[in-house]
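Read through the structure below, which is laid out as structure tokens, and then see the notes.
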Amino acid sequence: MKAAVLVFPGSNCDRDLERAFRNAGFKVEMVWHKDTELPADVDIVGVPGGFSFGDYLRSGAIAARSPIVGALKTHVENGGHAIGICNGFQVLLETGLLPGALMRNAGIRFICKSVELEVATTSSDFTNGYAHGSTATFPVAHHDGNYQATEEIRTALLSEDRIAFRYRSDINGSADRIAGILSKNRRVLGLMPHPERAADPVLGLTDGAVLFNALAAVAADA
Amino acid sequence: MTVTSSECVENGNSMKVRAAIMLKTGVLDPQGEAIRHALGTLGFEGVEGVRQGKIIELDLAETDAKKAEAEVQRMCEALLANTVIESYEVELP
């Protein structure tokens, strides 16, 4: 089982993500954004949180045009798994691998706190470890977490059961309280809250470990 | 280079082209709203709406205006604007 964690200038959750994957049993390789290939036999690619390229132009915009992103797209087209967390979610939206956009929080403020999330679907390799209808507490730390998409996309997300996590109460203005969404093939997850910061007892929160353990179970079967 | 106007400037060897990027109509602009409130606080009355966008100024080696416009439009589609939420206009000299 192998995970690759992409690293951009300004990534700051890359080591947390590495640790979360490793705790779940993955071998992890860190991959610099200027590389053009992923390591062989990678099961999942993690796009970490942070402030890649200083959030210049738009959050995630420059990172989404990095050399490594070509390899990420190929990995996803071939049915590989990927997870983008916080800035990583912004990057996945900017690449077009997930639909919609993340805008400035409705209340303008940067939000940094632990929030309760509804696990909106358990039908994915990321969320099948959670009980149906359960909640999970992950930290959020973002300024641009206000998820918006066209009516058409929102309808598709709902009807195709692709909303993975919802905020229990509206914190940033996101449409339908969306905190995380899945790709059409359900193998790409993007979310603003940080499961990797809630995946070790040392950090006080462990709900995120369920997600990484579920991924490890899938990778072990592959 | 001499700048002769606040808009776009053309000289012998290069062309200054601007891309004006705005949130699409109907997309909520929380930053614009905050600016509107602040203007109200300062006593500016009757500001009914504020939208915040960005201007990107490019110095291009291209001297053919039509080609430059097409090129900057491609840049907007590829990177400068997120067309999910933003619209853009290319301003030529």
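In the order they appear, the protein sequences are chains A and B.
For what it's worth, my numbering labels the leading residue of the first sequence as 1, then goes sequentially.
For what it's worth, my numbering labels the leading residue of the second sequence as 223, then goes sequentially.
Backbone N, C-alpha and C define an ideal beta-carbon position, used for all residues, glycine too.
Could you tell me the distance, in whole angstroms, from the CA atom of A/Gly46 to the CA atom of B/Ala242?
-> 34 angstroms
Examine chain B for any beta-carbon lying closer than 8 angstroms to the beta-carbon of A/Glu152, and answer yes or no.
-> no
Which residues of chain A have a Cβ atom closer than 8 angstroms to the Cβ of B/Ile277, listed in chain order?
-> Simply none; closest approach about 13 angstroms.
Could you spell out where the beta strand (DSSP E) holding A/Gln148 opens and where it closes?
-> 146–148
Hey, how far is the Cα of B/Cys298 from the Cα of B/Tyr310?
-> 7 angstroms
In three-state DSSP terms, what is A/Val76?
-> helix
Taking a cut of 7 angstroms between CB atoms, which residues from the stretch 189–205 of chain A lie near chain B?
-> none
According to the Cβ coordinates, are A/Leu215 and A/Phe138 closer than 8 angstroms?
-> no
Select from the stretch 239–261 of chain B all residues with a C-beta closer than 9 angstroms to any C-beta belonging to chain A, and list them in chain order.
-> Leu245, Val249, Leu250, Asp251, Pro252, Gln253, Glu255, Ala256
Quick one: which chain D residues come within Cβ less than 7 angstroms of A/Gly100?
-> Absent from the structure is chain D; the protein chains it does hold are A and B.
If you run the structure through DSSP and keep just helix, strand and coil, what is B/Pro252?
-> helix
A/Ser11 and A/Leu97 closer than 8 angstroms at C-beta | no
Per-residue DSSP class, three states only, for A/Gly88 | helix
Taking 8 angstroms as the CB-CB limit, is A/Met103 close to chain B?
-> yes
Report yes or no: is there a C-beta of chain A within less than 8 angstroms of the C-beta of B/Leu301?
-> yes
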